[in-house]
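Notes for the one structure printed next.
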Amino acid sequence: MAKMLFVNLPCRNLPAAIEFYQALGFSQNMQFSDDTAACMVWSEHIFVMLLTHAKWQSFTQRPIPDQSSSEVMLALSCENKEAVDQICSAAAAAGGTADINAKQDLGFMYGRSALDLDGHIWEFFWMDPAAVAG
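9 is the number that my numbering gives to position 9 of the sequence shown; each next residue is one higher, with no gaps.
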């Protein structure tokens with residue numbers, strides 16, 4: 001079996017969070033979604049599980065961080081610089097906040113960041129495959 005990544009995120013408003021992630025290009029896997037959780041698919045091996053606060057607290061008793069704090073920054077690769085710009089624009093249009101950190105353009109790597117509706121930080125980046133192979 002291939003290794004997969006499931007990122008679990010608490011969210012205040014599950015329907016709004018689903019719409020936000022769909023606007024970024026994620027699709028929803030209804031087989032693993034219900035009124036307390038939504039499985040959002042980025043690729044065949046990367047999934048984001050959006051969980052209501054009650055569902056989240058069934059997995060851990062640790063407190064949910066305040067929306068203005070940061071615990072983790074998640075990074076997803078994109079096909080090219082244009083895709084990075086497109087997904088950050090989509091995040092802003094869907095109610096998130098684009099460019100909460102400075103844009104990075106190092107020539108061989110380009111990245112931008114965005115906050116989702118619950119304050120989770122996402123980094124979207126592109127790297128030149130030729131520069132990585134060297």
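Think of the CB as a built atom: it goes at the ideal place given N, C-alpha and C, for glycine as much as any other residue.
Pull up the DSSP beta-bridge partners for PHE6, would you.
DSSP output for PHE6 lists PHE47 as bridge partner(s).
MET49: buried (16+ other C-beta within 10 angstroms of its C-beta) or exposed?
Counting Cβ neighbours within 10 Å, MET49 comes out buried, since at least 16 surround it.
So ILE87 is in the alpha helix (DSSP H); what residue range does that whole segment cover?
From DSSP, the alpha helix (DSSP H) with ILE87 extends over 81-93.
Kindly identify the DSSP beta-bridge partner or partners of GLN104.
DSSP lists GLY111 as partners of GLN104.
Identify which residue in GLY107, LEU115, GLN86 and GLN104 has its Cα closest to the Cα of THR97.
Ranking the options by Cα distance to THR97, first place goes to LEU115.
Closest to PHE59 by CA distance: which of ALA130, ASN8 and GLU19 is it?
That would be ASN8, whose Cα lies nearest to the Cα of PHE59.
Kindly identify the DSSP beta-bridge partner or partners of ASN29.
In DSSP, ASN29 forms a bridge with CYS39.
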